[in-house]
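Right, one structure below, let's go through it.
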Amino acid sequence: MQLKPLAWAAALMLGFVSTAALASVVVVKSRGPSAKAYPPGKTLATKVTLQTGDVVTILGPGSARTLRGPGSFDTTQVNLAAASAQRGRFGAMRRAAVAHSPTIWDIDVTQSGKVCVADAKKVQLWRPRSDTAESVEIRPADGSAQKLSWASGKTLAAWPSAVAVADGGSYEIAWADRPGRSKLEVVTVGAVPKDQVALAKLLIDKGCQNQLDMLVAEASKDAPAN
Numbered sequence: 070m071q072l073k074p075l076a077w078a079a080a081l082m083l084g085f086v087s088t089a090a091l092a093s094v095v096v097v098k099s100r101g102p103s104a105k106a107y108p109p110g111k112t113l114a115t116k117v118t119l120q121t122g123d124v125v126t127i128l129g130p131g132s133a134r135t136l137r138g139p140g141s142f143d144t145t146q147v148n149l150a151a152a153s154a155q156r157g158r159f160g161a162m163r164r165a166a167v168a169h170s171p172t173i174w175d176i177d178v179t180q181s182g183k184v185c186v187a188d189a190k191k192v193q194l195w196r197p198r199s200d201t202a203e204s205v206e207i208r209p210a211d212g213s214a215q216k217l218s219w220a221s222g223k224t225l226a227a228w229p230s231a232v233a234v235a236d237g238g239s240y241e242i243a244w245a246d247r248p249g250r251s252k253l254e255v256v257t258v259g260a261v262p263k264d265q266v267a268l269a270k271l272l273i274d275k276g277c278q279n280q281l282d283m284l285v286a287e288a289s290k291d292a293p294a295n
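For the sequence shown, the positions run 70 to 295 when the working numbering is used.
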């Protein structure tokens, strides 16, 4: 039986939608015997087969789930909370007992590593505590230094305009009145994907692990019960 043109077009469109839905799950963390088969950034279709000792975290449009082997798992189940993806803003979502920066784009001054920056002119530095006034020195690779301060009760402060935020730039952040320092490598990303999976893949590709962890932690709250 031959499909009529409209029916054929509808079937074709359904196929495209189904393929898109199946492709919208990405591995964000993986360890165990099958880790090489499921590296971070790998897009999955429908099934994941894990061995004993495997732990794989996957993220879809609306939620994240951690799968533990052995067993075979339906990755499409991660999309059960897809409606939450309509929020559109990734980062301004974290609500937890442990203090975290308000968005994934606010730089946590207590963490070292690569940090992805969406807008180099609007970077903010975040500190976990706000009970007293504090200061840090930002030291670019050229050896200069710029002081930045938080008033008591404040956790966010704007990156000083005197220090350029450069793609690939290295910066040391040292506390003025207590030991401890962080080392950051800035990666500018330009346009931020509106899709949660695309954003996760971007963070993986750029190596911004701390921000990826925040994104996954938030998405995990929307995961359906096992």
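Note that beta-carbon positions come from the ideal geometry of N, C-alpha and C, so glycine has one too. As the structure is a prediction and not an experimental result, all values here were calculated from the model.
Name, in chain order, the residues that DSSP records as bridge partners for residue i.
| i | result |
| --- | --- |
| Thr201 | Answer is none; Thr201 lacks a bridge partner. |
| Tyr240 | Pro209 and Leu253 |
| Asp143 | Lys116 |
| Val95 | Thr112 and Leu128 |
| Leu225 | Trp195 |
| Ser218 | Ser204 |
Could you tell me the boundaries of the alpha helix (DSSP H) in which residue i lies?
| i | result |
| --- | --- |
| Ala269 | Gln265 to Lys275 |
Output needed for residue i: all residues of its chain with C-beta closer than 7 Å, excluding positions within five of it in sequence on either side, in chain order.
| i | result |
| --- | --- |
| Thr118 | Ser141 |
| Ala269 | Val95, Val97, Leu128, Leu281 and Leu284 |
As a quick exercise: from the options, pick the residue whose alpha carbon is nearest that of residue i.
| i | options | result |
| --- | --- | --- |
| Arg196 | Val178, Ala189 and Val184 | Val178 |
| Glu287 | Ile127, Ala114, Thr121 and Arg100 | Ile127 |
| Glu254 | Arg100, Ser181 and Pro102 | Ser181 |
| Val192 | Arg134, Leu217 and Val285 | Leu217 |
| Ile176 | Tyr240, Gly138 and Asp123 | Tyr240 |
| Ser170 | Leu225, Thr145 and Arg208 | Leu225 |
| Ser251 | Arg208, Asp188, Thr121 and Val125 | Arg208 |
| Gly237 | Thr172, Lys275 and Pro102 | Lys275 |
| Val258 | Leu272, Asp246, Asp264 and Gly249 | Leu272 |
| Ser103 | Gly110, Val125 and Ser213 | Val125 |
| Ile242 | Gln215, Thr145 and Gly101 | Gln215 |
Can you give me the Cβ contacts of residue i inside the same chain, cut-off strictly under 6 Å, excluding the 5 residues immediately before and after it?
| i | result |
| --- | --- |
| Ser221 | Thr201 and Ala202 |
| Asp211 | none |
Tell me which same chain residues have a C-beta within less than 8 Å of the C-beta of residue i, skipping the five on either side of it?
| i | result |
| --- | --- |
| Val184 | Ile176, Leu253, Glu254, Val255, Val256, Cys277, Asn279 and Gln280 |
| Ser204 | Lys216, Leu217, Ser218, Trp219, Trp244, Ala245 and Asp246 |
Tell me the residue span of the beta strand (DSSP E) that contains residue i.
| i | result |
| --- | --- |
| Val186 | Gly182 to Val186 |
| Ala133 | Ala133 to Arg137 |
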